[in-house]
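For reference, the structure discussed in these notes is given below.
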Amino acid sequence: MPSVVDTAITHHKEYFPQSSDVSVFVSPGRINIIGEHIDYNGGTVFPIAIDKHIYICASRNNDGIMRFASYQQHEQGEIAISNIHLPNIRDVAKHKWWVYPLGACALSDIHFESGFDISFYSTLPVGAGMSSSAAITVGTLYALCALHGKKMKNIDVALQAQQVEWNFAGVQCGVMDQMAIINGRKNNGLLLNTKTMEFQYIPIDASAIRFVLVNSGVKHNLRESGYNERRSECQGALTLLQKAGFAINCLCDCTIDELATIKDILPITEYKRVFHVISENHRVHEFAQEIQKYNLAKAGRLLYQSHHSLSNYFEVSIPLIDAMVEWVSEIDGVYGSRLMGGGFGGCTVTMIALYAVEHFKKTIAERFEKKEGRTPDIYECTIDDGVHQLV
Ligand code: GLA
């Protein structure tokens, strides 16, 4: 059986028959274990890079054109290098998958002397909340830098990829996904302080636990607008607190003890958002401590608490996801579970004892099917390295 890399190269050559000297890069998806909706509030988050990947093949062409092809998306795009800095470049691939590699080319300050044919082959599901868009953007930027011998710090790659989301896709995301994808390390979580951008690797015992995602299959069309709305609610709350005399630069500068005072200052909606943000930030630190001490039951309880807060205070859950978290809590070997990512649909992430994974998958699939009349996609994930070159 051909390896995934061989398969990716074969497809690349089908799209671009003239290509020779194909370089191959691999970019992982990410799971956020805990620390949701706080990466744009200066909080600390705990993501991992996972063993679901986008394989990026790239070869030089002499046509002065950047060409993009995706095996999974069945649609190709291209742009002449001379047009990459046109004022309307943001609209060229609007709502199309190749807006991400296009944005990566457009925002990079690489001086392209030739065009490139770039193809993508993915084992990372799109639209399931595992950050396929960040994987493709970070991966493309990384590949372009490597192919041009350009040294760029990981943090700068992450920040530039974030700008692609902001300016090309219209999502005002934080920087967690990009940082996890570029800095991920096998069998380690990334305890990332999004205020200072400092991080620390926290080992996770792969022989004891797995992280399993169950996809609700709900793609809410409010997803992007809902995300941006939460972000502006947090910004509004920050402004109100600053006006009230809080010497803070971000919501996560506040402590748990200050919540009582904050309650009297903010309108109820803003208070609920801030309650989530501050308590979630606190939970992330607790989680990192418990997981290092192998206190898996305690760590798992923090995941349930995170979900409760996302559902009741940050209000980004939906009834089906709430039900899924409740269903899995009754299954043997489950330590904890919660909504993962931006919310309004997408996946739950469940931390589970390794021995219990097969039983878990069977049980949750049956329960889901009975209620929903359809089979959920379930992804068992291991913790993998960040983006790197293979060939
Ligand atoms: C999305 C964003 C991240 C983060 C999460 C919520 O995945 O891309 O930056 O804000 O939502 O934690």
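Our numbering puts the sequence shown at residues 630 to 1020. Built from N, CA and C at the ideal position, the CB exists for glycine as well. Quick caveat: nothing in here was measured; it's all calculated off a predicted structure.
Any non-hydrogen atom of ligand 1 within 7 Å of residue 669 CB
Translated into positions along the sequence shown, residue 669 becomes position 40. Result yes, Cβ under 7 Å from ligand 1.
From the DSSP output, in three-state form, read off residue 1011 for me.
Mapped onto the sequence shown, residue 1011 falls at position 382. Reduced to three states, the DSSP call for residue 1011 is coil.
For residue 828 and residue 802, what's the separation of their Cα atoms in angstroms?
Working through the sequence shown from its first residue, we reach residue 828 at position 199. Working through the sequence shown from its first residue, we reach residue 802 at position 173. Whole-angstrom Cα-Cα distance: 19 Å.
Tell me which residues share the same chain as residue 1013 and place their Cβ nearer than 7 Å to its Cβ, disregarding the 5 neighbours each side in the sequence.
Here residue 1013 corresponds to residue number 384 of the sequence shown, with the count starting at 1. So the qualifying residues of the chain are 657, 678, 679, 680, 813 and 815.
Looking at ligand 1, does it come within less than 7 Å of residue 661, judged from the CB to the closest heavy atom?
To locate residue 661, count along the sequence shown from 1; it is residue 32. Correct: residue 661 has its Cβ closer than 7 Å to ligand 1.
Kindly indicate which three-state DSSP category residue 808 falls into: helix, strand or coil?
Within the sequence shown, the letter at position 179 stands for residue 808. Looking at residue 808 - three-state DSSP - the assignment turns out to be helix.
Going by other Cβ atoms of all chains shown within 10 Å of its Cβ, with 16 needed for buried, is residue 893 buried or exposed?
Your numbering for residue 893 matches position 264 in the sequence shown. Exposed.
Run through the DSSP bridge pairs and tell me what residue 744 is partnered with.
Indexing the sequence shown from 1 puts residue 744 at position 115. Residue 744 pairs with 690.
Cβ pair count under 8 Å reaching 3, the segment 927-944 against the segment 898-918
yes
Could you pull the start and end residues of the alpha helix (DSSP H) that residue 968 belongs to?
Within the sequence shown, the letter at position 339 stands for residue 968. Per DSSP, residue 968 belongs to no alpha helix (DSSP H); it is in the beta strand (DSSP E), 963-968.
Closest residue to residue 703 among 653, 1004, 797 and 643 (Cα-Cα distance)
The sequence position of residue 703 within the sequence shown is 74, counting from 1. The shortest C-alpha separation from residue 703 is found at 643.
Could you work out which residue in 840, 1002, 808 and 818 is closest to residue 826 when comparing CA atoms only?
Taking the sequence shown and counting its residues from 1, one reaches residue 826 at position 197. Selected option, being the one with the closest Cα: 808.
From the DSSP output, in three-state form, read off residue 989 for me.
By 1-based counting over the sequence shown, the position of residue 989 is 360. Three-state result, residue 989: helix.
Pair every Cβ in the segment 762-772 with every Cβ in the segment 632-640, then say whether three or more of these pairs are closer than 8 Å.
no
If distances are taken between C-alpha atoms only, which option among 663, 777 and 683 comes closest to residue 1019?
What you label residue 1019 is simply residue 390 of the sequence shown in a count that begins at 1. Residue 683 is the option with its Cα nearest to residue 1019.
Got a sec: does ligand 1 put a non-hydrogen atom nearer than 7 Å to the Cβ of residue 813?
One-based indexing of the sequence shown puts residue 813 at position 184. Residue 813 Cβ: outside cutoff for every heavy atom of ligand 1.
Is any heavy atom in ligand 1 found nearer than 7 Å to the beta carbon of residue 1021?
Any property of residue 1021 remains undetermined from this structure, which presents the chain solely from 630 to 1020.
Give every residue of the same chain whose Cβ lies closer than 6 Å to the Cβ of residue 822, excluding the five residues on either side of it in the sequence, and list them in chain order.
By 1-based counting over the sequence shown, the position of residue 822 is 193. So the list reads 673, once near-sequence residues are dropped.
Contact set for residue 756: own chain, Cβ-Cβ below 7 Å, skip 5 residues either direction
Translated into the one-based positions of the sequence shown, residue 756 becomes position 127. 848, listed in sequence order.
Would you call the CB atoms of residue 645 and residue 699 closer than 8 Å?
Position 16 of the sequence shown, counted from the start, is the residue given in the question as residue 645. Position 70 of the sequence shown, counted from the start, is the residue given in the question as residue 699. Cβ atoms of residue 645 and residue 699: not closer than 8 Å.
Would you say the beta carbon of residue 760 comes nearer than 7 Å to a heavy atom of ligand 1?
Your numbering for residue 760 matches position 131 in the sequence shown. Yes, ligand 1 has a heavy atom inside 7 Å of this Cβ.
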